[in-house]
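Asks: full-length UniProt numbering applies: residue 1 is where the sequence shown begins, and numbers increase by one.
The beta-carbon is built from N, C-alpha and C at its ideal position, and this holds for glycine as well.
The structure is given below, and queries will be raised subsequently.
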Amino acid sequence: MQTALKLILTIIFVSTVGCNVKPRSSDFWMHQSKIGEVLKFEKSLNKNIQILEQKVFLSSSVFPKVDEIDIDFPLIVKREEGFAPLYAEYYFTSEDSMLQYISYNWEHERFGSYQAKHDRWKLEINKLTQYDSAYEKIKEALITELSLPQIEDKELVKRINQNEVEVYSKEAVWEDEQIKSKLILFFGDQTFRITLTYYWK
């Protein structure tokens with residue numbers, strides 16, 4: 001009897017692991033402010049804040065204004081989440097420290113080596129359902145803040161990439177005259193992440 005109970009509990013645990021992300025709209029900073037205010041916000045979520053130093057550059061394909069203004073290296077805060085580590089990246093202008101672009105990335109080994117990513121892929125390869133569930137929960141939290149997206153994939157989009165490997169993606173876009181935000185799930189070919197970007201036009 002105890003063996004059967006242990007088996008049932010194990011099945012429940014395995015089926016829910018990776019889905020226990022419970023984001024709230026208040027977990028995301030969406031105000032154009034000085035970077036100091038962002039730091040206060042992150043410390044309000046966790047006093048033992050973990051700041052990473054990484055040289056990360058933006059391209060005009062993700063942030064159209066990047067060639068017009070001088071963007072400093074981002075403030076990167078790593079939050080430990082149940083689903084995957086969340087890397088909150090805040091990009092600001094060098095001159096006045098004003099926030100310009102935000103990227104939230106739920107991803108294991110975001111700044112890890114190729115080998116580390118490769119090894120992690122072996123653990124993540126069968127978790128597409130969990131990633132999709134986490135994506136939907138994040139989207140629900142964003143709808144509270146941003147309303148319904150103007151564009152969204154209702155189902156996972158499957159395609160064969162240039163390496164002839166199956167990859168899956170899902171996307172939702174919010175946009176008006178002042179801001180643009182995009183939520184993306186990408187899963188396949190040793191890439192496994194959910195990314196939320198937000199910027200001011």
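Measuring only the C-alpha atoms, how far is I35 from E164?
Replies: Counting from 1 along the sequence shown, the entry for residue 35 is found at position 35. Counting from 1 along the sequence shown, the entry for residue 164 is found at position 164. The straight-line gap from Cα to Cα measures roughly 42 Å.
Asks: Give me whichever residues DSSP pairs with Y91 in a beta bridge.
Replies: As a first step, residue 91 is located in the sequence shown; it is residue number 91 there, counting from the start. Paired residue(s): Y101.
Asks: Which one of E124, K170, W200 and T195 has the shortest CA to CA distance from E177?
Replies: Position 177 of the sequence shown, counted from the first residue, corresponds to residue 177. When C-alpha distances from E177 are compared across E124, K170, W200 and T195, the shortest belongs to W200.
Asks: Please state if the CB of Y198 and the CB of residue 219 are separated by a distance shorter than 8 Å.
Replies: Since the displayed the chain opens at 1 and closes at 201, residue 219 lies outside it and no answer follows.
Asks: Whole angstroms are fine: how far does the CA of S60 sit from the CA of V17?
Replies: Here the question's residue 17 lines up with position 17 in the sequence shown. Here the question's residue 60 lines up with position 60 in the sequence shown. Caution is warranted here: a pLDDT of 40 is assigned to V17, below 50, making its placement in the model unreliable, and the coordinate value is therefore given only provisionally. One C-alpha to the other measures close to 36 Å.
Asks: Check E175 in the structure and name its three-state DSSP category.
Replies: Working through the sequence shown from its first residue, we reach residue 175 at position 175. Note: E175 maps to strand in three-state DSSP.
Asks: Spell out a yes or no on whether the region 97-111 and the region 61-75 are touching, meaning 3 or more CB-CB pairs, one atom from each, closer than 8 Å.
Replies: yes
Asks: Residues in its own chain within less than 8 Å of P85 by CB, not counting five upstream and five downstream?
Replies: Translated into the one-based positions of the sequence shown, residue 85 becomes position 85. If we look at P85 and ignore the five residues flanking it on each side, its Cβ neighbours are K78, R79, W106, E107, H108 and R110.
Asks: Flag this pair as yes or no: are the beta carbons of D70 and S97 separated by less than 8 Å?
Replies: Indexing the sequence shown from 1 puts residue 70 at position 70. Indexing the sequence shown from 1 puts residue 97 at position 97. Going by C-beta atoms, D70 is not nearer than 8 Å to S97.
Asks: Please state whether the Cβ-Cβ distance between I138 and L183 is less than 8 Å.
Replies: If you number the sequence shown from 1, residue 138 lands on position 138. If you number the sequence shown from 1, residue 183 lands on position 183. Contact flag set, yes.
Asks: Given a cut-off of 8 Å, decide if A172 and E152 are closer than it, judged by their beta-carbon atoms.
Replies: One-based indexing of the sequence shown puts residue 152 at position 152. One-based indexing of the sequence shown puts residue 172 at position 172. Yes, these two residues count as a Cβ contact at 8 Å.
Asks: For a test of the three-state rule: what should DSSP assign to M76, helix, strand or coil?
Replies: Taking the sequence shown and counting its residues from 1, the one referred to as residue 76 is at position 76. In the sequence as presented, Met is not what sits at residue 76; that position holds Ile. Strand, per DSSP.
Asks: Smallest Cα separation from L123: which of F186, A88, E89 and F192?
Replies: Mapped onto the sequence shown, residue 123 falls at position 123. L123 has its Cα closest to that of F192, out of F186, A88, E89 and F192.
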